Structure formats: structure tokens, C-alpha cells
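Note that the sequence shown covers residues 1 to 107 in the UniProt record's numbering. Beta carbons: idealized from backbone N, C-alpha and C, even for Gly. Values in this document were obtained by computation on a predicted structure and should not be read as measured data.
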Amino acid sequence: MSTIACDTPVSSLDESAWQAVCKTAAEQAQRGCGLSWDHWVTLFSSEIDMQASRLPEDQRSHALDIATQEWDYATPAERQEAQDWNAENGFCTHGIELGYCPAGCGS
Numbered sequence: 001m002s003t004i005a006c007d008t009p010v011s012s013l014d015e016s017a018w019q020a021v022c023k024t025a026a027e028q029a030q031r032g033c034g035l036s037w038d039h040w041v042t043l044f045s046s047e048i049d050m051q052a053s054r055l056p057e058d059q060r061s062h063a064l065d066i067a068t069q070e071w072d073y074a075t076p077a078e079r080q081e082a083q084d085w086n087a088e089n090g091f092c093t094h095g096i097e098l099g100y101c102p103a104g105c106g107s
């Protein structure tokens, strides 16, 4: 019988703790999004980016996968793409048609 020695311990993401972080971020985004999906995604994903940056590097990818699969996390590039599309198609940064945003965008 052979054994495999490992010099570096492999840390494992505490999935239940990470899911609690995601749930809290989702709830906070819900309170601040004004019922705009695009704005919710931005708020949620920005918070997840900040929280994930605090994790050990070897856990971040798995953490972001969970946030993507269960809470629709969007990468910074995906969020920028959505903002670009909004700007090109007459929508404000909140994803609402210009002139109709309750935050006064485009007024």
C-alpha cells in the first residue's frame, strides 16, 4: 500500500458559511436595488467580490462558482458588458429605461 505525502495542506471552503455570506449579500442587495434586476446583480456581485477577496486564493474559484450557480453572481467583465449594453440601448446604470428611473437617471 502506498501513501501520498502532501507538503502543503489543502484548505477547503466552508460551503455553509459561504452560503450564509451569499444569502446576506443577496438580502442587502434586495433592500437597495429598487427592484431593478441589473442593479441587484451589481450590488450583490460587488459585495461577493469583496467577500471572496478575503478568502484564501485556492478557495475563491469554488466560492464564486457557488455564488454564480445559486445567486446569479456576475463577474466584473459581465457587469461591464451589461452596463455597456444598457448605455447603448437607452437604459440607465440601474437597467431602467432613461427617463423612468426613480433615482432620476436620464431626467
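Pairwise C-alpha distance: Y73 and L64
7 Å
So, do the stretch 42 to 50 and the stretch 10 to 25 have three or more beta carbon pairs nearer to each other than 8 Å?
yes
Rounded separation between R79 and V41 - CA only:
8 Å
Have a look at the DSSP bridge pairing and note the partners of A97.
The question names Ala, but residue 97 in the sequence shown is Glu. Answer is F91.
Could you give the DSSP three-state label for D14: helix, strand or coil?
coil
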